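First the structure, in the form of structure tokens, and then the observations on it.
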Amino acid sequence: MWLISRERAGSADVPFKVTLSEIAEKLDLQEAAIERLLPWGDSGWLLAEDKTIITRIGYQALCKALFSQADEEPIVTTSFVKYNGITESIFRRLVEEINASLSSNEAEVVQGYLLTFWGQHDELVYNKRYRKWLEEEVATIMKAADRPKTIIGSTFQGNPPKDFLEYVANNLCEMNFNGIDGHVSRNCDGEIEFFPRKYFLTQRGELLQDLRNGKVPFLRYSDLTELDPEITDAGRLVDGQLEGYVIALKKGVLSKAYLEDLASLMKSNLEAQGWACVSTSEAELIAEDINPFLDLIRERVRDLHGDSEIAHILPRPDYLFLADWVQRCHENIEHEARNLAQEHWNKGHELKLPWPLVCEAVGKIYPDLDIEVVWGILEQRRAKVEAVFLGHMQRLQEEVTLQFSQAWKEKVLARLSNYRIGVEGLGDSKLRSELYSTLLDYTLKGLVPEFLQKCRSKNLIKGRSLERIIEKFQQALAGVDAGVGGPSDQFASVMGAIDAFTRAIKAEALTDTELEERKAAQLREMATNMKRVEDGPRLFLTLVLVIHAAHKPGIIYGTGKYAPRLLKQLAGNIQAEKYEWIQRMKEAAKSGRMTPEEKAGIRAMALVACGGS
13 MWLISRERAG SADVPFKVTL SEIAEKLDLQ EAAIERLLPW GDSGWLLAED
63 KTIITRIGYQ ALCKALFSQA DEEPIVTTSF VKYNGITESI FRRLVEEINA
113 SLSSNEAEVV QGYLLTFWGQ HDELVYNKRY RKWLEEEVAT IMKAADRPKT
163 IIGSTFQGNP PKDFLEYVAN NLCEMNFNGI DGHVSRNCDG EIEFFPRKYF
213 LTQRGELLQD LRNGKVPFLR YSDLTELDPE ITDAGRLVDG QLEGYVIALK
263 KGVLSKAYLE DLASLMKSNL EAQGWACVST SEAELIAEDI NPFLDLIRER
313 VRDLHGDSEI AHILPRPDYL FLADWVQRCH ENIEHEARNL AQEHWNKGHE
363 LKLPWPLVCE AVGKIYPDLD IEVVWGILEQ RRAKVEAVFL GHMQRLQEEV
413 TLQFSQAWKE KVLARLSNYR IGVEGLGDSK LRSELYSTLL DYTLKGLVPE
463 FLQKCRSKNL IKGRSLERII EKFQQALAGV DAGVGGPSDQ FASVMGAIDA
513 FTRAIKAEAL TDTELEERKA AQLREMATNM KRVEDGPRLF LTLVLVIHAA
563 HKPGIIYGTG KYAPRLLKQL AGNIQAEKYE WIQRMKEAAK SGRMTPEEKA
613 GIRAMALVAC GGS
């Protein structure tokens, strides 16, 4: 065995590697004895931790393979170990011994010196010769680059791993090799990218020039340092190069040229449409700089247009409004509130401002305005708008109540007042009591219900307040007890309810003059209506009532059965001839044989009695 005869070390039958146990078995010795016999003073062989011996021939083969591969590519430790069937510790000892053997100062030998590189995932071994070659290749690419250049390992001999390639490129930048100026980083795909310094300077110069002339509205300090990592104080750099052309904010600088252009545009918009909106999206502002930017633009627009003409309302800070536009807007809002009040009044809706409908209506007037701005303007005027809405509703209520109260005075109050005066003036107590009873029945079942029904048909009863007053009035009338007191007392109770209702609807009390005027008008109406009447008894009753009213206070409300008794009340108040003629008409009406001439005479006498012609 080669352990015994060194001359056999180079023979073909010597294995690449062998274990101590295999040798001990062949020589029939203990492993410890074999280990003591090993040539510890010689080099060119290795003993692993697992008692495996790398023989001289194996050692030489490994050295040759390692040297040869290291000239062509970085060696991945794990791959070399696996392929050659050795342990990592053996591999590292092999590298150490090879490097130790390279003691000569000859340049060609030293270039074969093996170095270790620990990447992110793998351990690499390479020699100086390959590294120098790779540095020259990478440097050539970097030196020629005038814009960002991706450095891809597969384009180089040995396909160096990204970690190793990045290490080489970074060293070239740090050493300023061949005047290389720039920096290396990984792009979003994980590839190695070289950014030449001249590219940064060009980009920075163009960016600052665009900022100066307003093509770039706003520059973040962070964007500048990302573009050029060598910048340590972006604010000082920009201020130094663009003093007087930019305005410093918290997180960046604003172009004065852009500010002027934007202010001019907003001024034009103000003059054209009365309002202007500034968008912060174009400037790509950071949140902390938005409000300072808006303050600057508002101040500049006020300088250009005149502060006194710009309204100091801020439903949103990115809007400006002319004062006269705001005034017109407020007028339009109030107009829409009145329109909505009218619509809701016509529909009988609740007396409450429909706020979303106001916003919708105003939004249609200003379709180009953001709906949030419309809401903001409305909210600032909410109390006023609600007051306008409710005020208009109140005026509509007052108008319809006034119309209702005027009709009430004319059609109910005046008639009942004259009827009461007429009944109270009768000397016959029995007749007076009977007529009170008739008048009471007519009031409760005819006059008042029919009046309210006609008013509803004419839309004169509207609004919750008037409805409540009428409801309360009807309850009061229904509460008149027919079993308490006589007809006059009961009618007095009804008149008390009517007087209270009259005050509730704010109708003024009738004066004596008004009562007389209404009496005269009612009598003329009665006489005129007789032209269309052919019924004899009815004509006779109307004649008696008209003549009685012409000679007595008030007007009597009564049916045909009271006509003879009322006629007796007139004895002595009219000429005997007229009285006798009326008596004959009574008989004619009673017999049903009234002639056309007699009917015409009745109509004529009634017309004369009421002052007509």
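Counting from 13, one number per residue, gives the positions in the sequence shown under our numbering. C-beta: ideal position from N, C-alpha, C; glycine also. From a predicted model like this one, the values you see are computed outputs, not experimental measurements.
Taking the Cα positions, Lys564 is about 7 angstroms away from Gly437. Contact annotation: Val558 and Leu527 have beta-carbon atoms that are not nearer than 7 angstroms. Membership of Gly194 in the beta strand (DSSP E) is indicated by the continuous run 194 to 198. Counting only runs of at least 3 residues, the segment 143 to 195 fully encloses the following beta strand (DSSP E) elements, listed from N- to C-terminal order: 161 to 163. The DSSP-derived three-state label of Gly286 is coil.
Lys474 is classed as buried because its beta carbon has at least 16 other beta carbons within 10 Å across all chains shown. At the C-beta level, Leu146 and Val180 come within 7 angstroms of one another. Between the segment 398 to 412 and the segment 342 to 350 there are three or more C-beta pairs closer than 8 angstroms, enough to call the two in contact. The beta-bridge partner set that DSSP reports for Gly264 consists of Arg232. For Tyr378, the secondary structure class from DSSP, reduced to helix, strand or coil, is coil. Scanning the segment 433 to 517 for uninterrupted beta strand (DSSP E) segments of 3 residues or longer gives nothing; none is fully contained. Within the model, the alpha-carbon separation for Asp336 versus Gly286 is close to 8 angstroms.
Straight-line measurement puts the Cα of Leu236 at about 9 angstroms from the Cα of Gly264. Shortest Cα-Cα distance from Arg444 to any of Tyr569, Val374, Phe230, Phe552 involves Tyr569. Glu178 counts as buried, since at least 16 other C-beta atoms from the protein chains shown sit within 10 angstroms of its C-beta. The beta carbon of Phe189 lies closer than 6 angstroms to those of Ala151 in the same chain, with the five residues before and after it left out. One Cα belongs to Val620, the other to Ala419, and the distance between them is close to 28 angstroms.
Taking the Cα positions, Asn96 is about 10 angstroms away from Thr90.
Around the C-beta of Phe79, fewer than 16 other C-beta atoms lie within 10 Å, and the residue is accordingly described as exposed.
Under DSSP, the beta-bridge partners assigned to Asn139 are Leu126. Boundaries of the alpha helix (DSSP H) harbouring Tyr95: 89 to 96, taken from the DSSP string. With a cutoff of 7 angstroms on beta-carbon distance, Ile567 and Gly434 are scored as near each other. Contact annotation, Ile164 with Phe206: C-beta distance approximately 11 angstroms; criterion of less than 8 angstroms not satisfied.
In the DSSP annotation of this structure, Pro304 is not part of any beta strand (DSSP E); the continuous alpha helix (DSSP H) holding it starts and ends at 299 to 317.
Annotation for Met154: Ile192, Phe206 place their beta carbon closer than 6 angstroms to its own, counting only its chain and skipping 5 residues before and after. When the beta-carbon positions are compared, Pro329 and Tyr270 stay at least 7 angstroms from each other. Taking Leu266 as reference, the option from Met278, Leu297, Arg480 with the minimal CA-CA separation is Leu297. If you draw a straight line from the Cα of Ala395 to the Cα of Ile389, it comes to about 12 angstroms. Look at Ile614 here: in three-state DSSP terms it is helix. Taking a C-beta distance under 7 angstroms as the contact criterion, Ala288 and Leu332 qualify as a contact pair.
Gln215 sits away from Asp175, with the two beta carbons spaced by 7 angstroms or more. Rounded to the nearest whole angstrom, the CA to CA distance from Glu311 to Leu249 is 27 angstroms. Non-local beta-carbon contacts of Pro304 in its own chain, meaning distances under 6 angstroms to residues more than five positions away in sequence, involve Leu261 in chain order. Under the DSSP assignment, Val30 falls in the beta strand (DSSP E) whose first and last residues are 29 to 31. Annotated as proximal: Ala323 and Val338, with beta-carbon spacing under 7 angstroms.
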